[in-house]
Amino acid sequence: MKSLSFKKDLVGVQDELLRFAYKLTTDREEANDLLQETSLKALDNEDKYTPDTNFKGWMYTIMRNIFINNYRKVVRDQTFVDQTDNLYHINLPQDSSYESTERAYDLKEMRRVVNALPKEYRVPFAMHVAGFKYREIADKLNLPLGTVKSRIFFTRQKLQEELKDFR
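Quick note: to get the working numbering, add 1173 to the position in the sequence shown (first position is 1).
Quick look at the structure:
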């Protein structure tokens, strides 16, 4: 019986999800693909849904996450990595491993500070760092543009404050 109710709810939100998908992708075919992928993921994860909770919100979250992951994959696939030999590294001092270890520690410390932030600040900042424009972030998270800008600004301030010793 639970499965029947789940599928009924899934069919009931298809039109709203399609509109949301179109808003994210601005392309009919991509919106249909995103809707299909979202529906399949929801069906695959039916056991993870808690009955009597916000089903529509759960579905929107799945769709948004799929869209962001697909976007990152496209960006990653379009990134060109130069595979040619680079003779620049021949003249680096032998102690360069210290610098890379120190840089890795700095990145780890930055991640720690960002991950300690509340989700409403962490998500817009992570999207901004991933290359999303302010307007895209506002649209995808259904937030006013000013809210997105202020949250990213706050996160930057927090990072500067927490990491002032790294300058």
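For glycine and all other residues, C-beta sits at the position ideal for the given N, C-alpha and C. Predicted model only: the values in this text are computed from it and were never measured.
The Cβ-Cβ distance between Pro1297 and Arg1324 falls below 7 Å.
The C-alpha of Leu1216 is placed about 12 Å away from the C-alpha of Lys1181. Taking C-beta atoms as the reference points, Val1302 and Ala1311 fail to come closer than 7 Å.
Ranked by Cα distance from Ser1176, the first of Tyr1222, Arg1284, Asp1250, Met1300 is Tyr1222. A straight-line Cα-Cα distance of about 35 Å links Leu1332 and Phe1228. DSSP, reduced to helix, strand and coil, places Asn1238 within a helical segment of the structure shown.
For Ala1299, the enclosing alpha helix (DSSP H) stretches over residues 1292-1302. The DSSP-derived three-state label of Leu1336 is coil. In the structure shown, Asn1205 adopts helical secondary structure according to DSSP, grouped into three states. When secondary structure is reduced to three states using DSSP, Asp1225 falls in the coil class, being assigned neither helix nor strand.
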